[in-house]
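Just so you know, we're using this note's numbering here: the sequence shown kicks off at 2 and counts up by one. The structure appears right after this line, and notes come after that.
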Amino acid sequence: MPQGPSTHAIHGQNQRGARPVTYPIYQTAAFAVESNDAYEHIGDYGSDDYFYTRYDNPTLRNVSQKLAQLEHAEECLLFASGMTAITTVLMTLLQAGDTIAASRALYGGTLQFLRDFAPRYGFHTILLADDQLYDLERHAPQAKVVYFESPVNPRTDCLSIRRVVEAARRIGALVVKDNTFATPINQNPLDLGVDLVIHSATKYIGGHSDVTAGAVLGSRERLLPIFTARKVFGGIPSPHDAFLLDRSLKTLELRMAQHNASALALAQFLETMPQVRQVLYPGLPASPSYPVAQEQMRGFGGMLCIELDSLKAAKTLCDRLCVVLNVAHLGGPETMVSLPALTSHAALTPDELQRARLTPGMVRISVGLENTEDLIEDFRQALAFIV
Ligand SMILES: Cc1ncc(COP(=O)(O)O)c(C=O)c1O
């Protein structure tokens, strides 16, 4: 029987026999086997036997199966953080001498990996503007991997996933997309031809600001070498963190509906405030991202970004908010503001910040699950302190 995302995320796969309402935490580092014959399968991906939690664990696999279904993927691998997921994928796909074409507007940690670590392994990085990612034959014909986000952290600009995939196909490159801001509820990039989707599950998927995790999704064939790399690099989440993710998935669809609705209402309110120079949110019809977001997203997400006149004004806003917290994080039930230039993108040089179109007066807002009118009132009173 076909099931909606919430039904599946709550129940997972039917199992016979004892069936606890919440999936148990297999809090064990290793598993005993009945016979040495089982070790024939020790390297297998998705084996019925479990051997060692760094390889796989039932609590992790339960979450992987649910997440795979939500993201329309054949398989999913969980990681200890979003960054471990990203670096493990890139270290697996690339070899010395290979080129990666990436969007120049990305989460700061990913840009830092590409700038400071990728060259040590002989990977060449070409950072491109959005429209250049649609014309890879011209700007990065040798690229083996194309990497991007949409909506992009922190500006929430949207790129056409379909157009990036078409451009990558013309040069024979694989496409990897960070889908953290959208979540599988709002957008399924694999349906549009992306090869691998990555999530920082620390954000909306975890959704309670209490777990650090990552996920990689795609076909079984694509995930096989990444499974081996995860075993070797060791970036596996704990069974307890996987248990927390299972708890979170049960409300993901509900939470996203509220994040989407509240973010739109707050964006519409902020558009009317004279202190706000610009509101960046893909759900606003005036946004340049609106047409493409409408084409590829089911909801516009809980993230928005506003631009004030100066760093001083941005700091004043953050300091004067009462309900909203100043946190370098996103995707939780709490509404959070952060200044990208000081937090997520602090590792970027002024020139890199400019190329990522980030200004000192920008404030990233992760709209949480509080009552929308309380959030609007909080921003109204805090903006009044900006003169
Ligand atoms: C879009 C995006 N991708 C990846 C990451 C890294 O995830 P984690 O903090 O779980 O390592 C972040 C963190 O903020 C992010 O915003």
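Glycine residues also receive a C-beta, built at the ideal position from the N, C-alpha and C atoms.
Buried or exposed (CB count within 10 angstroms, at least 16 for buried), residue i
| i | result |
| --- | --- |
| P142 | exposed |
| C323 | exposed |
| S161 | buried |
| P240 | buried |
| E150 | buried |
| Q297 | buried |
| A314 | buried |
| L47 | The sequence given here places Gly at residue 47; Leu does not occur at that position. Exposed, because fewer than 16 other Cβ atoms sit within 10 Å of the Cβ of G47. |
| V64 | buried |
| F386 | exposed |
| M2 | exposed |
| P25 | exposed |
| F118 | exposed |
| P289 | exposed |
| N395 | Look at the range of the chain in this structure, 2 to 388, and you will see that residue 395 is not part of it. |
| L245 | buried |
| L255 | exposed |
Close beta carbons around residue i, own chain, < 6 Å, minus the five adjacent residues each side
| i | result |
| --- | --- |
| K204 | T181, L331, G332 |
| D242 | V212, A214 |
| E35 | none |
| P361 | L312, A342 |
| P238 | L79, A81, A214 |
| Q70 | H9 |
| P120 | none |
Residue nearest to residue i in terms of C-alpha spacing, selected from the options
| i | options | result |
| --- | --- | --- |
| D294 | L267, E167, V153, T373 | Contrary to the premise, residue 294 reads as Ala rather than Asp in this sequence. The shortest Cα separation from A294 among L267, E167, V153, T373 belongs to V153. |
| A347 | V217, E272, A329, Q276 | A329 |
| F301 | Y291, D310, E308 | Y291 |
| L253 | M274, A10, T157 | A10 |
| A157 | L246, L255, A357, F234 | According to the sequence displayed, residue 157 carries Thr and not Ala. Out of L246, L255, A357, F234, A357 has the C-alpha closest to the C-alpha of T157. |
| I307 | L255, L384, K232, T350 | L384 |
| Y27 | S7, R55, D45 | R55 |
| A102 | V177, A258, A216 | V177 |
| L115 | N37, L349, F270, G194 | L349 |
| L359 | A39, S7, D45, D310 | D310 |
| K339 | L354, K316, E353, D352 | Per the sequence shown, residue 339 should be read as Ser rather than Lys. Checked all of L354, K316, E353, D352; the closest Cα to S339 is K316. |
| D320 | T126, A183, Y51, Q382 | Q382 |
| D179 | D352, V364, A86, A30 | A86 |
Neighbourhood of residue i by C-beta, 7 Å cutoff - its chain only, sequence neighbours within 5 removed
| i | result |
| --- | --- |
| N189 | E72, H73 |
| H209 | S249, G333, P334 |
| A223 | According to the sequence displayed, residue 223 carries Arg and not Ala. Taken in chain order, the residues that qualify are D196, L197. |
| G123 | A97, G98 |
| I172 | L137, E138, P142, A144 |
| R105 | L128, L129, A130, R356, A357 |
| Q133 | H140 |
| R164 | Y135 |
| P6 | L71, I186, E254 |
Cutoff 8 Å; reference residue i; Cβ partners in own chain excluding five residues on either side
| i | result |
| --- | --- |
| H66 | Correcting the residue identity first, residue 66 is Gln in this sequence and not His. The answer, listed in chain order, is G13, Q14, C77. |
| L191 | E72, H73, A74, V198, L218, G219 |
| L267 | L305, I366, V368, T373, L376, I377, F380 |
| M92 | Y122, A230, F234 |
Strand pairing of residue i, partner residues [DSSP]
| i | result |
| --- | --- |
| S1 | Within the shown structure, residues of the chain are numbered from 2 to 388, placing residue 1 beyond reach of any answer. |
| N327 | V338 |
| G215 | F80, S201 |
| K178 | F149, V198 |
| I387 | DSSP output for I387 lists no bridge partner at all. |
| A102 | I127, V147 |
| Q276 | Answer is none; Q276 lacks a bridge partner. |
| A10 | The partner list for A10 (beta bridge, DSSP) is empty, contrary to what the question assumes. |
| Y135 | Bridge partners of Y135: none, in fact. |
| A141 | According to DSSP, which records beta bridges pairwise, A141 is partnered with nothing at all. |
| Y53 | A31 |
| L281 | C306 |
Minimum Cβ-Cβ distance from residue i to chain D less than 8 Å
| i | result |
| --- | --- |
| L281 | No chain D appears in the structure shown, which is made up of a single protein chain. |
Validate contact between the stretch 222-234 and the stretch 102-114 using beta carbons, cut 8 Å, 3 pairs: no
Stretch pair the stretch 273-287 + the stretch 92-106: three plus CB contacts closer than 8 Å: no
The stretch 246-265 in contact with the stretch 365-373 per 3-pair CB rule at 8 Å: yes
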